[in-house]
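87 is the number that the numbering used here gives to position 67 of the sequence shown; each next residue is one higher, with no gaps.
The beta-carbon is built from N, C-alpha and C at its ideal position, and this holds for glycine as well.
Working notes, structure below.
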Amino acid sequence: MKEESTQEAEKQLNGKSKDANSKIDAIKELIFGENIQAYNSEFEAVKADIIAKKEELQNLISIVETELLQNIDTLSTDINIRITDLENTLNDKIETLDDKKVNRKLLSDLLIKMGQKISE
């Protein structure tokens, strides 16, 4: 029996608590209702603006990313062409230098032969 009366007392307190909360909410609505609605609408407008700006920034980022990748590809191709040209130029210079360079052994042999012919 004590348990039943305790449960009934809790139900009444919970009911009163809920009633008190709803009354407080009603008072808040009366006092701040217009301001809260205005704030909510402003927050929604700001939120929508932020979402729009975020999408715009994401689009710009993807455009810039695409352009950067294209520029990197172009630059890479350019560098490879220049490196190939430099390698070819270097190889040509080396071949020209080899043709102009005289072998020391051959030069010494020729000088010895010239010296012998002069002495004869």
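>> Quick check on DSSP: helix, strand or coil for residue 140?
In response: Taking the first residue of the sequence shown as 1, we reach residue 140 at position 120. If DSSP states are grouped into helix, strand and coil, residue 140 belongs with coil.
> According to DSSP, is residue 123 helix, strand or coil?
Replying inline: Locating residue 123 in the sequence shown gives position 103, counting from the first residue. Looking at residue 123 - three-state DSSP - the assignment turns out to be coil, as it is neither helix nor strand.
> Between residue 44 and residue 62, what straight-line distance do the alpha-carbon atoms span, to the nearest angstrom?
Replying inline: The residue given as residue 44 occupies position 24 in the sequence shown. The residue given as residue 62 occupies position 42 in the sequence shown. Roughly 25 Å between the two C-alpha positions.
>> Please report the straight-line C-alpha distance between residue 106 and residue 73, rounded to a whole angstrom.
In response: Here residue 106 corresponds to residue number 86 of the sequence shown, with the count starting at 1. Here residue 73 corresponds to residue number 53 of the sequence shown, with the count starting at 1. So the two alpha carbons sit approximately 48 Å from each other.
> Taking just the CA atoms, how far does residue 109 sit from residue 116?
Replying inline: Within the sequence shown, numbered from 1, the residue matching residue 116 stands at position 96. Within the sequence shown, numbered from 1, the residue matching residue 109 stands at position 89. If I take the Cα positions, the gap works out to 11 Å.
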